[in-house]
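The block underneath contains the structure these notes are about, expressed in C-alpha cells.
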Amino acid sequence: MIGTEESSPYCVPDAVRRRLSLSGKPLTPTELEILRWAAEGKTVWEISQIRNTSEATVKFHLRNIYGKLEVTNRVQAMNEAARRGLC
Numbered sequence: 001m002i003g004t005e006e007s008s009p010y011c012v013p014d015a016v017r018r019r020l021s022l023s024g025k026p027l028t029p030t031e032l033e034i035l036r037w038a039a040e041g042k043t044v045w046e047i048s049q050i051r052n053t054s055e056a057t058v059k060f061h062l063r064n065i066y067g068k069l070e071v072t073n074r075v076q077a078m079n080e081a082a083r084r085g086l087c
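Numbering (the UniProt record's numbering), first residue to last: 1 to 87.
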C-alpha cells in the first residue's frame with residue numbers, strides 16, 4: 001500500500017524513534033540515582049541489589065538515560081553527565 005509506514009523507504013526503527021522521543025528530556029530521580037551508582041563503577045547486578053529491583057529494570061533505566069543524554073554507552077553517559085554537572 002502506498003503511503004503506509006511499511007512501504008516508506010524512510011521507516012524509522014522503533015528503537016531509534018524511542019531514543020529520539022527521549023532526547024532532551026530531564027532525568028527522573030530514579031535515573032539520576034542509577035546514573036550516580038553507575039558513575040561509582042557499580043555493575044547492573046550491584047545496582048539492582050542496592051535498589052532491590054531486577055537487573056532488567058536497571059537496564060531499562062540505563063537505556064532511558066542513554067536516550068535522554070543522547071549517548072550510546074556508559075562511558076559516554078558518564079562523560080555527558082559530568083559535562084552537565086549531573087554527577
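From the three backbone atoms N, C-alpha and C, an ideal C-beta is built for every residue, glycine too. No experiment lies behind these values; they were computed from the predicted model shown.
Taking the Cα positions, Thr43 is about 10 Å away from Lys59.
Annotation: the continuous alpha helix (DSSP H) that includes Arg63 extends over Glu55 to Leu69. Glu46: member of the alpha helix (DSSP H) spanning Val44 to Arg51, first to last residue. Of the candidates Ala39, Ser23 and Thr30, Ala39 places its Cα closest to the Cα of Gly85. Around the beta-carbon of Ser23, fewer than 16 other beta-carbon atoms lie within 10 Å, marking it exposed. In this structure, Asn64 keeps its C-beta atom at 8 Å or more from the C-beta atom of Glu33. Pairing Ala77 with Leu69 gives a Cβ-Cβ distance under 8 Å.
Around the CB of Trp45, fewer than 16 other CB atoms lie within 10 Å, so the residue is classed as exposed. Taken through DSSP and simplified to helix, strand or coil, Thr30 comes out as helix.
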